[in-house]
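Residue numbers (my numbering), protein chains in the order written: chain A, 201 to 619; chain B, 17 to 248.
Glycine residues also receive a C-beta, built at the ideal position from the N, C-alpha and C atoms.
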Ligand SMILES: Nc1ncnc2c1ncn2[C@@H]1O[C@H](COP(=O)(O)OP(=O)(O)OP(=O)(O)O)[C@@H](O)[C@H]1O
Ligand SMILES: [Mg+2]
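Structure, rendered in structure tokens:
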């Protein structure tokens, strides 16, 4: 029998048992809906996370520190810094000297706020991180005007609401633990805007002073302990990191944080999560497959006589097999089609609900909060649609195969005798 | 006349649980081309079993069946299906029509299995139904027509592929005497006109008498084979 004729016959057989066929198809529809819905929402979720991470991270900036991130020992010599500056792929480099355990006070107050005082070339740093180092009050000092302080957004507060100092006023920095601490009183040149809570470093609690003032505090020691390297091509981050390592005689002496590698890792994790979700969704398709097997076995039993007649008048086993498999395939195609549509429908509906009715908790840090709405845009993928569709058909064939084979193997005489 | 069918000492037993029930014990006979043969015998004598074996619906335990000189027992299941499709037409006691499709579709089915284009096969099925006097019934389903009409549809289906041998298992068993007789006359007519070989199982002695030869079967053995007593 011609393939088209077999398909037409299969379709007729399905439509003769409408309720049964629709319920079986419904199982497939639910399975495909779950797979497509989770895949498209999951991909949207991944894109959203990636975008947010790109906002929080300066992806193109490598952070080089001496020792390791846990021990943090050692420092860089000016010679090493200049060698890092000339590394291939490094577009721009600046070095920092941080002095931990510093406290700030104005003329009247007790010293408050444990924070980091960093010796920097402030214009270099601002050039490297323009979005994080934007003054909201005052102006950035020029490198020559090297006797002022730039305060991070939260460093200029005494507590949550009261200002410690304003631009133009003097601030006293107590560096180190008393009695070995050193005090320096300087004029505040600028106060920075919020640099945000996410990201590699949070500059909000930092105070920036010129490098030579730091050297002075350190009694002449030039102890740079952070190098920031802006790479010219983000994708080359790992290569540039290797180039930087090669600059040092002992590569174990330094640690390099490569945000891109971190991003990739997160991406990998999201991938695994998504695969897991799809696997869970696939279970529902499996259940649908078992439903097909069940219904088709019943169908084969009911139609034993019909199969006997077909074989008696000359149908080969292969034709009977094809007839029953076609029914399974039709269910797979129909379920796959409808399931794809409802799957995308569901994911768009869900994303609408997520972005319109559910808002993230307000962040409680310092009044102004980022009340960004959650917005996950489902992603339509042609490939997944095809894959899900084929998967649906394959599942139907696999589970239809057993009953179809059973039907095709029937002996004509026994089948005709069946009541 | 040429021998179209040769049955050589075939045996067939059915297994019920642990016991073997012999249905055919040792059957040997030949059928010539164009012959009208009846198989006559009491219930349980093995008539249906024999006809199923001739029709390649089942395989014997021992013996040989030659159709046009070909030993069909050596053929694969697929080849047997082809043989059933092209060389043999089967008419069943209980019609065995597909209930959900029209008479026309039922008759057309064997042609569809051969892969004939639908237009042509429908045309031929219509002609065949017309030959059976069923022009007005072709779009009815089997349940919507009488028993005699159903048996004629079944006959049309058996004949549509122009088979060499037509096998009928008590084709009149479920019909009243008059209708049964009409069916027999129809078969006799086709046998005369188309020179097709007919083997008809019956336990109606009047019908058996119309044949060229009668095979008397009892307890799985041939009792006698009788030549026609009167010329037709
Ligand atoms: N599938 C089967 N399983 C077991 N025994 C069977 C089977 N088919 C037939 N038999 C037995 O084989 C013997 C012959 O059966 P068969 O159907 O050939 O008889 P028959 O001559 O056609 O009878 P009837 O005139 O009643 O149709 C009987 O004893 C029957 O019980
Ligand atoms: Mg019988």
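State yes or no: is the C-beta of residue 526(A) nearer than 6 angstroms to some heavy atom of ligand 3? Absence of ligand 3 is noted for the structure shown, with ligand 1 and ligand 2 being the only ligands found.
Any idea what DSSP makes of residue 571(A), helix, strand or coil? In this predicted model, residue 571(A) has a pLDDT of only 45, less than 50, meaning its place in the structure is not dependable; the value taken from the coordinates is given anyway. DSSP places residue 571(A) in coil when its eight states are reduced to three.
Using 8 angstroms as the threshold, is the stretch 118–126 of chain B in touch with the stretch 528–540 of chain A, meaning 3 or more CB pairs across them? In short, these stretches do not touch, since the Cβ pair count stays below three.
Could you check what DSSP says for residue 602(A) in three-state terms: helix, strand or coil? helix
Can you grab the Cα-Cα spacing for the pair residue 162(B) / residue 201(B), in whole Å? 18 angstroms
To the nearest angstrom, report how far apart residue 81(B) and residue 166(B) are at their CA atoms. 31 angstroms
Interface partners of residue 38(B) on chain A, CB under 7 angstroms: Correct list: empty, because the minimum Cβ distance to chain A is about 17 angstroms.
Along the alpha helix (DSSP H) that carries residue 440(A), what are the first and last residues, could you check? 437–447
What would DSSP say about residue 94(B), mapped onto helix, strand or coil? helix
Measure the CB-CB distance between residue 79(B) and residue 25(B) and report whether it falls below 7 angstroms. Yes, these two residues count as a Cβ contact at 7 angstroms.
Is the distance from the Cβ of residue 500(A) to the Cβ of residue 593(A) below 7 angstroms? no
Quick one: what's got a C-beta closer than 6 angstroms to residue 503(A)'s C-beta in the same chain, skipping five residues either side? Within the same chain, residue 503(A) has no close Cβ partners at all.
Residues of chain A with CB closer than 8 angstroms to the CB of residue 173(B), please, in chain order. 513
DSSP three-state assignment for residue 339(A), whether helix, strand or coil: coil
Cutting at 8 angstroms between CB atoms, please list the residues of its own chain near residue 377(A), excluding the five before and the five after it. 301
Listed in chain order, which residues are found with a beta carbon closer than 7 angstroms to a heavy atom of ligand 2? Residues with their Cβ less than 7 angstroms from any non-hydrogen atom of ligand 2, running along the chain, are 63(B), 64(B), 109(B), 185(B), 186(B), 217(B).
If we cut at 7 angstroms on Cβ distances, does residue 205(A) have a partner in chain B? yes
Out of 348(A), 480(A), 599(A), point me to the one whose CA is closest to residue 224(A)'s CA. 599(A)
Three-state secondary structure (DSSP) of residue 114(B): coil
Can you name, in chain order, every residue of its own chain whose Cβ lies under 7 angstroms from the Cβ of residue 526(A), other than the five neighbours on each side? Same-chain partners within the cutoff: 206, 207, 210.
For residue 384(A), the three-state DSSP class (helix, strand or coil): strand
Does residue 116(B) come within less than 7 angstroms of chain A when only Cβ atoms are used? For residue 116(B), the nearest beta carbon of chain A is closer than 7 angstroms to its own beta carbon.
So, is residue 511(A) buried or exposed, given that buried needs 16 or more other C-beta atoms within 10 angstroms? Taking all protein chains shown into account, residue 511(A) has 16 or more neighbouring C-beta atoms within 10 Å of its C-beta and is therefore buried.
For ligand 1, is there any heavy atom lying closer than 6 angstroms to the beta carbon of residue 30(B)? Yes, ligand 1 has a heavy atom inside 6 angstroms of this Cβ.
Could you check whether the Cβ of residue 60(B) sits closer than 6 angstroms to any heavy atom belonging to ligand 1? yes
Interface partners of residue 613(A) on chain B, CB under 7 angstroms: Ordered by position in chain B, the residues that pass the 7 angstroms Cβ test against residue 613(A) are 68, 73, 74.
Would you mind stating whether residue 391(A) and residue 317(A) have Cβ atoms separated by less than 7 angstroms? no
So, under 8 angstroms CB-CB, residue 388(A) and residue 333(A) are touching, yes? Tell me the CB distance rounded to an integer number of Å. Their Cβ separation, rounded to whole angstroms, is 15 angstroms, which puts residue 388(A) and residue 333(A) out of contact at 8 angstroms.
Taking residue 203(A) as the reference, which of 556(A), 520(A), 541(A), 596(A) has the closest Cα? Residue 520(A) is the option with its Cα nearest to residue 203(A).
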